[in-house]
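In the working numbering, the protein residues as written are 4 to 369.
Take a look at the structure set out below.
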Amino acid sequence: MVLLLAQLLVMILVVAFVLKWVTGAPQEVLHDERQAALGFYAHALDELANTEKQGLLSKANASEARLELTRQMLGAEQAATVQIARGHGRRSDKKRMGLLFAVLLIPLVSWGLYALLGSPQLPQRSFAAWEQRNPASLNSAEILVRLEVEAYRSPRDGALMERLGNAYMAAGLFQDAVNSYGRARGLQGDNARLLVLYSMALAGYEGGVVNEEAEHNLRRALELEPDNVPAVTGLAAAIEQNGRTREAAGLLQKFLRNFPDTAAHGTISARIAALQQAAERQAQQRVIRENINKFVANTESRPQDVKAWQMLVTAWLVLEKPEEARAALVKAMQVLPEADARGLAVFAKARGLFPRLEESTNDQPD
Numbered sequence: 004m005v006l007l008l009a010q011l012l013v014m015i016l017v018v019a020f021v022l023k024w025v026t027g028a029p030q031e032v033l034h035d036e037r038q039a040a041l042g043f044y045a046h047a048l049d050e051l052a053n054t055e056k057q058g059l060l061s062k063a064n065a066s067e068a069r070l071e072l073t074r075q076m077l078g079a080e081q082a083a084t085v086q087i088a089r090g091h092g093r094r095s096d097k098k099r100m101g102l103l104f105a106v107l108l109i110p111l112v113s114w115g116l117y118a119l120l121g122s123p124q125l126p127q128r129s130f131a132a133w134e135q136r137n138p139a140s141l142n143s144a145e146i147l148v149r150l151e152v153e154a155y156r157s158p159r160d161g162a163l164m165e166r167l168g169n170a171y172m173a174a175g176l177f178q179d180a181v182n183s184y185g186r187a188r189g190l191q192g193d194n195a196r197l198l199v200l201y202s203m204a205l206a207g208y209e210g211g212v213v214n215e216e217a218e219h220n221l222r223r224a225l226e227l228e229p230d231n232v233p234a235v236t237g238l239a240a241a242i243e244q245n246g247r248t249r250e251a252a253g254l255l256q257k258f259l260r261n262f263p264d265t266a267a268h269g270t271i272s273a274r275i276a277a278l279q280q281a282a283e284r285q286a287q288q289r290v291i292r293e294n295i296n297k298f299v300a301n302t303e304s305r306p307q308d309v310k311a312w313q314m315l316v317t318a319w320l321v322l323e324k325p326e327e328a329r330a331a332l333v334k335a336m337q338v339l340p341e342a343d344a345r346g347l348a349v350f351a352k353a354r355g356l357f358p359r360l361e362e363s364t365n366d367q368p369d
């Protein structure tokens, strides 16, 4: 009801302003122009009288000039009167009513469309009443909105800022989470929990990459709380991303030695095993990269040596370059004797590599 009354009041004010502007403005402008013209001629008559008194103009000439100015002033007065009369004619009552109808039609049409397409029967719900709802009945978006409002009302509440950051993290809004955790750190002071949360938000914002700032904060978290599992696993991930896989595994092993009773013992042990396997694979790849040219040279110098081709194919597979391995296999099958080519095909197939026989000039059976 209050909204409808406000809309009605605004409509009345708009109609009054539009009608005054349309019907009154032209007449006011014409009246101002008329007064300006009369003032000009009156000033000219005064100047003529002064010139005659100074003896610069004869009485006959002055009388003639005065008559001409008077004639022009009367003509201007008559023209202005006619123009004002025409202005009154243009603003006839019929046209004013038409304009009034057009202005009133706009809100009436909009209200009618809202009644048909909108939700005029939707009950009003105050935000205060919405806040009283049980948090368990709210979805994640509603919880986030409520926390944002509470944080706006209580900007000095560090715990509330932390909860808001958690909600942003759950919604995937990592930049907002970084800002909220940053404010929480400023209000609560640094602790291991907040440092880890802040680092996780930074990593989320960077697409999963633990940058230098996040790594620094994770190290500080471990200094404050050496048995913090998220801090040590996050730091291990940062070290691994920098290519120091063995160092990451060593960090986790040291953590288990210091805290063997941690609830995350099984998870960390599995992570250590995966890191160790990755480290071994990286070491093997490093050795192969250093010797790949040697393997290629061996096949070029001994093209009939099936062992040399096996070593080259295996090297490319270890380096995770299957296309290079397949190219070497096809080339080998072109130069090797038929029996050796069969054996090399079986060798490659056992390692998940299938040659494209149509690329080979030899007609090798499956």
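A virtual CB, placed ideally from N, CA and C, is assigned to each residue, including glycine.
When rounded, the separation of the alpha-carbon atoms in residue 298 and residue 313 is 10 Å. The beta carbon of residue 66 is closer than 7 Å to none in its chain, skipping five residues each way along the sequence. Taking C-beta atoms under 8 Å as the contact rule, residue 167 and residue 150 qualify, at a distance of about 5 Å. Residue 343 is positioned such that its CB atom lies closer than 9 Å to that of residue 309.
Excluding five sequence positions before and after residue 292, the CB atoms of its chain that fall closer than 8 Å to its own CB belong to 322, given in chain order. If the five residues before and after residue 311 are omitted, its C-beta is found closer than 8 Å to the C-beta atoms of 298, 301, 302, 305, all from its own chain and listed in chain order. 198 is the residue among 346, 228, 198, 139 whose C-alpha sits nearest the C-alpha of residue 216. Its chain contains 180, 200, 203, 204, 207 as the residues whose beta carbon lies nearer than 8 Å to that of residue 172, once the 5 sequence neighbours on both sides are disregarded; these appear in chain order. Residue 319 is positioned such that its CB atom lies closer than 9 Å to that of residue 331.
Ranking 271, 265, 57, 267 by CA distance to the CA of residue 254 puts 271 first. Considered as a whole, the region 223 to 264 harbours 232 to 244, 248 to 261 as its complete alpha helix (DSSP H) runs of no fewer than 4 residues, in chain order. Residue 228 and residue 240 have their C-alpha atoms some 18 Å from each other. Minimum Cα-Cα distance from residue 280 among the listed residues 296, 263, 295, 252 corresponds to 252.
Counting C-beta atoms within 10 angstroms of its own C-beta, residue 183 has 16 or more neighbours from the protein chains shown and is therefore classed as buried. Boundaries of the alpha helix (DSSP H) harbouring residue 343: 341 to 353, taken from the DSSP string. Assignment of residue 178 by DSSP, reduced to helix, strand and coil, places it in the helix class. Taking the CA atoms as reference points, residue 285 sits about 14 Å from residue 324. When DSSP states are grouped into helix, strand and coil, residue 307 belongs to the coil group.
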